[in-house]
Structures are given as C-alpha cells and as structure tokens.
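Asker:
In this note's numbering, the protein residues as written are 115 to 288.
1) Count the CB pairs spanning the segment 224 to 236 and the segment 255 to 272 that are closer than 8 Å, and state whether there are at least three.
2) How many Å lie between residue 181 and residue 219 at the Cα?
3) Between the alpha carbons of residue 261 and residue 222, how many angstroms are there, rounded?
4) For the pair the segment 151 to 170 and the segment 197 to 214, tell me if three or more CB-CB distances fall below 8 Å.
5) Roughly how many angstroms lie between the CA atoms of residue 134 and residue 118, to the nearest whole one?
6) Report the CB separation of residue 224 from residue 189 in whole angstroms; it is logged as a contact under 8 Å.
7) Just confirm the distance between the C-beta atoms of residue 234 and residue 201, as a whole number of angstroms; I'd bet it's less than 8 Å.
8) Here's a check: name, in chain order, each residue in its chain whose Cβ is nearer than 7 Å to the Cβ of residue 247, leaving out the five neighbours to either side.
9) Roughly how many whole angstroms lie between the Cα atoms of residue 153 and residue 193?
10) Between 129, 183, 205, which has its C-alpha nearest residue 196's C-alpha?
11) Got a sec, what are the start and stop residues for the alpha helix (DSSP H) residue 221 sits in?
12) Who are the near neighbours of residue 216 in its chain, counting only those whose CB is closer than 8 Å to its CB and skipping five residues on each side?
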C-alpha cells in the first residue's frame, strides 16, 4: 500500500474515531460536526446524480465547434457574456461548475472565459441572487453584481493572459 493511501486511511480513521468518542461522551462540538457531516452527505447524495447527468449531457450534446465559436479565442466580449449567462443558470453551484468548466476548456474555450465562468458561477447564480435580493434588497444585489462581475472579468482576463503566456495546459485525468 502506498504511503499516500496510508495517510488518507489514518485521517479518515481518526475523524471517525473522534465522532464516535464525541457521541459516546457527549462532546457537543464533535456531535455538531457529525450532524453537519451527515447533513452535507445527504445534500450531496441528492444533488450529485442530477449533476452528473447534466454534466454528461453537456459533454455529449454541446459540440466542440459551438464552444469554439462562442467561447473560443475569437469570441471577444460576447464570450464573457455567454459564460456569465451559462453560469447564472447552473444548479448545484461550483460542484457542477468545475466539471463543466473542464469540459468547456477541453472543447476549446478560451482560458480567461473559463475563469469568468467559474467566477460567475460562484457569485451570480439566479437562485442565489433571488434569495439574496429577498433578504438584502434588490438594490444591494444589483450593486453587488454590477461591481463584482466586471472584477471577475478583469481578473479572469489577467489570469488567462498570464497563464497563456506561460503555455499552461490542464493535466489530463488518470
């Protein structure tokens, strides 16, 4: 067994032992950690099957030519707008956004547009914006989006140009 695997098993065993001891001796922080873990696990089991289906459909249905045309090197500012629109509609947050971003990159999307997609998926999903507007107000949400989206685009362009100059290539999965 590799050293890395042994370390992972030790961490998981230590975490499990901590939770068991917390429940036996009534250690409240440990019990809360265990309840939060179960809650997160249930959430993941609800969302992951749908997310994997959507990612698979994106991979199969969206042709490479379409991605290259709308999100590729020659797409210009429209590519960034398409990335923001696509990111605003995803469900599941970054859990779904990262695999789709990987697929977009492999199909020929410009690196800075992929970064814009990831940033926009983190800050401007429609359900999240509606939830925020109901608590913080529409004015606050509009100002936050109008300030943060240009910053996401600018930093994506800077990071994309920096990595492109250094011939960055994403590592293929095993």
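For every residue, glycine included, the Cβ atom is placed at its ideal position computed from N, Cα and C.
Answerer: Put simply:
1) These segments touch.
2) Your numbering for residue 181 matches position 67 in the chain shown. Your numbering for residue 219 matches position 105 in the chain shown. For residue 181 and residue 219, the distance between alpha carbons rounds to 9 Å.
3) Your numbering for residue 261 matches position 147 in the chain shown. Your numbering for residue 222 matches position 108 in the chain shown. Cα to Cα, residue 261 sits roughly 29 Å from residue 222.
4) Verdict: yes, contact present.
5) Residue numbering aside, residue 134 sits at position 20 when the chain shown is read from its first letter. Residue numbering aside, residue 118 sits at position 4 when the chain shown is read from its first letter. Here the alpha carbons of residue 118 and residue 134 stand approximately 25 Å from one another.
6) Here residue 224 refers to the residue found at position 110 when the chain shown is read from its first residue. Here residue 189 refers to the residue found at position 75 when the chain shown is read from its first residue. Going by Cβ atoms, the distance from residue 224 to residue 189 rounds to 7 Å, so yes, they are a contact pair.
7) Against the chain shown, residue 234 aligns to sequence position 120. Against the chain shown, residue 201 aligns to sequence position 87. Contact annotation, residue 234 with residue 201: C-beta distance approximately 4 Å; criterion of less than 8 Å satisfied.
8) Here residue 247 is taken as the residue at index 133 of the chain shown, counted from 1. So the qualifying residues of the chain are 255.
9) As a first step, residue 153 is located in the chain shown; it is residue number 39 there, counting from the start. As a first step, residue 193 is located in the chain shown; it is residue number 79 there, counting from the start. Between residue 153 and residue 193, the C-alpha separation is close to 37 Å.
10) Sequence index remark: in the chain shown, residue 196 carries index 82 (1-based). Nearest to residue 196 by alpha-carbon distance, out of 129, 183, 205, is 183.
11) In the chain shown, the residue the question calls residue 221 occupies position 107. Note, residue 221: premise wrong, no alpha helix (DSSP H); not H, not E.
12) Reading the chain shown from its first residue, position 102 is the one you call residue 216. Closer than 8 Å at the Cβ level, and outside the excluded window around residue 216, lie 284.
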